[in-house]
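J.: Quick one: this structure, given as structure tokens, is what I'll be asking you about.
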Amino acid sequence: MSSLLETKIAARQHALREQGLLRQRKVLGVDHTLNTNASTSSPRFVFEGRAYVNFSSNDYLGLSRVPELAEALHLGAQTYGVGSGASPLVTGYSDAHLALERKLCDLTGHEAALLFCSGFSANTALMKTLFDQHDIVVADKLVHASIIDGLQDSGAQLKRFLHNSLESAERLLARHHASALITESVFSMDGDCAPIAQLSALCRQHHAWLVVDDAHGFAVLDGYHNAEAAKLIDVQVVTFGKALGCQGAAVLGSQALIDFLVSNAREYIYSTALSPANAALALAATQYSTAHPELQQQLLENIKLFKRLCREANVPLLGSDTAIQPLIIGDALQTLQVAEKLRAAGIWVGAIRPPTVPVGSARLRITLTAAHAAEDIAACVAQLAQVLSLVGVPLVTERQATDEHR
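Okay, so the sequence shown: first residue is 1 according to our numbering, each after it adds one.
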């Protein structure tokens, strides 16, 4: 006889499978035919013996494959060992961590920084430590799950404004004595950008902090992603697993905020620290990205090429100008079907389904990098147009998709 938990697990997994929402890991290998020193070769991996061009990675600048950064990780491991050995408040905080924190402050203008092992832990730690049941927090409707989870744990009252709507945000700030407004710089599922300067002005007017999850914008976008950032943003969360191509994250803000988190953030106090080797790597990655602005320019060129080819092939996109290019299909099972047919052609894209996105807005999430070759981008678009035509998916127009999703 099955136990209650076994019965619950089996029923839930069956329901997810029937709805096309079951999540399963896939073991990926290295394409050994790929010359990793060639800047013109698109990112690839091997799955079940076949090589695929990867259009689902957040490695926007292609830094995860740069030989100089592999050497920086090797040197960091030789210098510090492969692990930190303890939590930061015991013996896990080294000069490698301090050097990275100082570099991040130099880049953004913030007073202090605090390192975490992932962006998810940085966001949840910040939310559940900074806020409590006495706070009202205003947040964009589409902020990341880690923010939502952290706010729920904090006990704060959460008021959500319409996505990227200044009018909606202002109404909530005027109606409530909010402690903070939270948004993302680049939204991970839509690929659009928040109006940071205007939101900052609203927050100043209503005496609320502006908190920005900068995971998908840091080291990629221009504008406030520089030493002037602290003039607009009170708290900035940056991750190293996107444009920097490595691992970890940081919360940036005032010295008072960072001291408060050091004393109170349970994820920081009770977790083994990010390894010094990874901190040294992240420092090297920030230096490398700063020294090679041509990578950002190449990424922009690849984005423009992809969008132009999609227009010419009548492939409707959501309207993003960033590396994240969503194509809303709607039905989860049809989205999986399209993704599988693209894989049959050697092209790997993300099939994003609820609950990651709202029901009815399942999509392909195509991500571009500076490392993609023009011919592979062209092949991706050609196969995408062909598969969509064959499957007969009733595609949503850009305007309809935007209106319905918001």
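The beta carbon of each residue, even a glycine, is placed where N, CA and C say it ideally should be.
Would you decide whether Gly-49 is buried or exposed? Buried here means 16 or more other CB atoms lie within 10 Å of its CB.
T.: The residue you call residue 49 lines up with position 49 of the sequence shown. Label assigned to Gly-49: exposed.
J.: Who pairs with Phe-408 in a beta bridge, going by DSSP?
T.: No information on residue 408 is available, as it lies outside the stretch 1 to 406 that the chain covers here.
J.: Measure from the alpha carbon of Arg-25 to the alpha carbon of each residue in Ile-269, Ser-185, Phe-47, then state which is nearest.
T.: On the sequence shown, residue 25 is found 25 positions in, with the first residue counted as 1. Comparing Cα positions, the closest option is Phe-47.
J.: According to DSSP, what are the bridge partners of Glu-184?
T.: Indexing the sequence shown from 1 puts residue 184 at position 184. Paired residues: Asp-213.
J.: Between the C-alpha atoms of Leu-274 and His-144, what's the straight-line distance to the nearest angstrom?
T.: Here the question's residue 274 lines up with position 274 in the sequence shown. Here the question's residue 144 lines up with position 144 in the sequence shown. Spanning the two alpha carbons is a distance of roughly 22 Å.
J.: Which partner residues does Pro-326 have in the DSSP bridge list?
T.: Start at 1 with the first residue of the sequence shown, and residue 326 comes out as number 326. Answer is Arg-365.
J.: Determine the extent of the beta strand (DSSP E) in which Gln-236 is found, giving its start and end residues.
T.: Counted from its first residue, the sequence shown places residue 236 at position 236. It spans 235-239 - the beta strand (DSSP E) in which Gln-236 sits, taken as one unbroken run.
J.: For Val-238 and Ile-377, what's the separation of their Cα atoms in angstroms?
T.: As a first step, residue 238 is located in the sequence shown; it is residue number 238 there, counting from the start. As a first step, residue 377 is located in the sequence shown; it is residue number 377 there, counting from the start. Their Cα atoms are separated by approximately 28 Å.
J.: Find out if the Cβ-Cβ distance for the pair Ser-63, Gly-191 is shorter than 7 Å.
T.: Here residue 63 refers to the residue found at position 63 when the sequence shown is read from its first residue. Here residue 191 refers to the residue found at position 191 when the sequence shown is read from its first residue. Residue 63 is actually Leu in this sequence, not Ser. The answer is no: Cβ separation not under 7 Å.
J.: Give me the Cα-Cα distance between Thr-322 and Pro-43, rounded to the nearest whole angstrom.
T.: Sequence index remark: in the sequence shown, residue 322 carries index 322 (1-based). Sequence index remark: in the sequence shown, residue 43 carries index 43 (1-based). Approximately 18 Å between the Cα atoms of the pair.
J.: One question on the structure: do Leu-352 and Arg-363 come within less than 7 Å of each other, judged by their Cβ atoms?
T.: Taking the first residue of the sequence shown as position 1, residue 352 is located at position 352. Taking the first residue of the sequence shown as position 1, residue 363 is located at position 363. The sequence given here places Ile at residue 352; Leu does not occur at that position. Contact flag set, yes.
J.: Are there 16 or more other CB atoms within 10 angstroms of the CB of Ala-250, so buried, or fewer, so exposed?
T.: Residue 250 sits at position 250 when you count from the first residue of the sequence shown. Its Cβ being crowded by 16 or more others within 10 Å, Ala-250 is buried.
J.: Is it the case that the Cβ atoms of Phe-55 and Val-349 are separated by a distance below 7 Å?
T.: One-based indexing of the sequence shown puts residue 55 at position 55. One-based indexing of the sequence shown puts residue 349 at position 349. Contact: yes.
J.: Restricting to Cα atoms, I'd like to know which of Ile-328, Met-189, Val-211 is closest to Ala-197.
T.: Indexing the sequence shown from 1 puts residue 197 at position 197. Answer by Cα proximity: Val-211.
J.: By how many angstroms is the C-alpha of Gln-236 removed from the C-alpha of Leu-115?
T.: Sequence index remark: in the sequence shown, residue 115 carries index 115 (1-based). Sequence index remark: in the sequence shown, residue 236 carries index 236 (1-based). For Leu-115 and Gln-236, the distance between alpha carbons rounds to 12 Å.
J.: Could you pull out every residue in the same chain whose Cβ sits closer than 6 Å to the Cβ of Cys-105, ignoring the five residues on either side in sequence?
T.: Taking the first residue of the sequence shown as position 1, residue 105 is located at position 105. For Cys-105, where only same-chain residues beyond five positions count, the Cβ hits under 6 Å are Ala-113.
J.: Please return the same chain residues whose Cβ sits closer than 6 Å to the Cβ of Asp-153, not counting the five positions on each side in sequence.
T.: Here the question's residue 153 lines up with position 153 in the sequence shown. Lys-128.
J.: If you follow the beta strand (DSSP E) that Gln-157 is part of, which residue opens it and which one closes it?
T.: Residue numbering aside, residue 157 sits at position 157 when the sequence shown is read from its first letter. Element bounds for Gln-157: 157-161.
J.: Just grab the DSSP bridge partners of Arg-44 for me.
T.: Here residue 44 refers to the residue found at position 44 of the sequence shown. Answer is Val-53.
J.: According to the neighbour-count rule (16 or more other Cβ atoms, all chains shown, within 10 Å of its Cβ), is Lys-231 buried or exposed?
T.: Taking the sequence shown and counting its residues from 1, one reaches residue 231 at position 231. Its Cβ having fewer than 16 others within 10 Å, Lys-231 is exposed.
J.: Taking the CB atoms as reference points, tell me whether Ala-229 and His-97 lie closer together than 7 Å.
T.: Residue numbering aside, residue 229 sits at position 229 when the sequence shown is read from its first letter. Residue numbering aside, residue 97 sits at position 97 when the sequence shown is read from its first letter. Taking 7 Å as the Cβ cut-off, Ala-229 and His-97 do not qualify as a contacting pair.
J.: Which parts of the stretch 269-357 are runs of the beta strand (DSSP E), unbroken and 3 residues or longer, counting only runs that do not cross its ends?
T.: 324-330, 350-352, all fully within the stretch 269-357.
J.: If you check the beta carbons only, do Ala-178 and Val-138 fall under 7 Å apart?
T.: Counted from its first residue, the sequence shown places residue 178 at position 178. Counted from its first residue, the sequence shown places residue 138 at position 138. A contact, by the Cβ cut-off of 7 Å.
J.: Given that a residue counts as buried once 16 or more other Cβ atoms are within 10 Å of its Cβ, and exposed if not, what is Asp-407?
T.: Residue 407 is absent from the structure shown; the chain starts at 1 and stops at 406.
J.: Using CA coordinates, which residue listed in Ala-374, Gln-383, Gly-360 is at the minimum distance from Arg-343?
T.: The residue you call residue 343 lines up with position 343 of the sequence shown. Cα-wise, what sits closest to Arg-343 is Gln-383.
J.: Who are the near neighbours of Glu-170 in its chain, counting only those whose CB is closer than 6 Å to its CB and skipping five residues on each side?
T.: The residue labelled residue 170 in the question sits at position 170 within the sequence shown. Cβ neighbours of Glu-170 beyond the five flanking positions: Leu-202.
J.: Tell me the DSSP secondary structure of Leu-28 in three-state form.
T.: Along the sequence shown, one-based indexing puts residue 28 at 28. Coil.
J.: Can you give me the C-alpha to C-alpha distance between Arg-160 and Ser-168, rounded to a whole angstrom?
T.: Residue numbering aside, residue 160 sits at position 160 when the sequence shown is read from its first letter. Residue numbering aside, residue 168 sits at position 168 when the sequence shown is read from its first letter. Taking the straight line joining both Cα atoms gives about 9 Å.
J.: Does DSSP put Asp-222 in a helix, a strand or coil?
T.: Translated into positions along the sequence shown, residue 222 becomes position 222. Coil, per DSSP.
J.: Mind checking who Gly-253 pairs with in its DSSP beta bridge?
T.: Counted from its first residue, the sequence shown places residue 253 at position 253. DSSP, once it has assigned bridges, lists Ala-112 as partnering Gly-253.
J.: Alpha carbon to alpha carbon, how far is Val-66 from Asn-37? Give it in angstroms, no decimals.
T.: The residue given as residue 37 occupies position 37 in the sequence shown. The residue given as residue 66 occupies position 66 in the sequence shown. Since pLDDT at Asn-37 reaches only 44, below the 50 mark, its modelled position is unreliable, and the value read off the structure follows with that caveat. Whole-angstrom Cα-Cα distance: 7 Å.
J.: Mind reading off the beta-carbon distance from Leu-73 to Phe-45? Whole number of angstroms is fine, and I expect it under 8 Å.
T.: In the sequence shown, counting from the first residue as 1, residue 73 sits at position 73. In the sequence shown, counting from the first residue as 1, residue 45 sits at position 45. 19 Å between Cβ atoms; not a contact.
J.: Within its chain, find whatever has a CB closer than 7 Å to the CB of Asp-234; leave out the 5 residues flanking it on each side and keep chain order.
T.: Taking the first residue of the sequence shown as position 1, residue 234 is located at position 234. Excluding residues within five positions, the ones whose Cβ falls inside 7 Å are Trp-209, Leu-210, Val-211, Gly-253.
J.: Suppose you measure from the CA of Ala-256 to the CA of Leu-166; what does that come to, to the nearest Å?
T.: Here the question's residue 256 lines up with position 256 in the sequence shown. Here the question's residue 166 lines up with position 166 in the sequence shown. Distance between the alpha carbons of Ala-256 and Leu-166 is about 29 Å.
J.: Would Asp-132 pass as a contact of Gly-150 if the rule is Cβ separation under 7 Å?
T.: In the sequence shown, counting from the first residue as 1, residue 132 sits at position 132. In the sequence shown, counting from the first residue as 1, residue 150 sits at position 150. The answer is no: Cβ separation not under 7 Å.
J.: Select from Thr-183, Ile-258, Leu-261, Ala-215 the residue whose C-alpha is nearest the C-alpha of Lys-242.
T.: Taking the first residue of the sequence shown as 1, we reach residue 242 at position 242. It is Ala-215.
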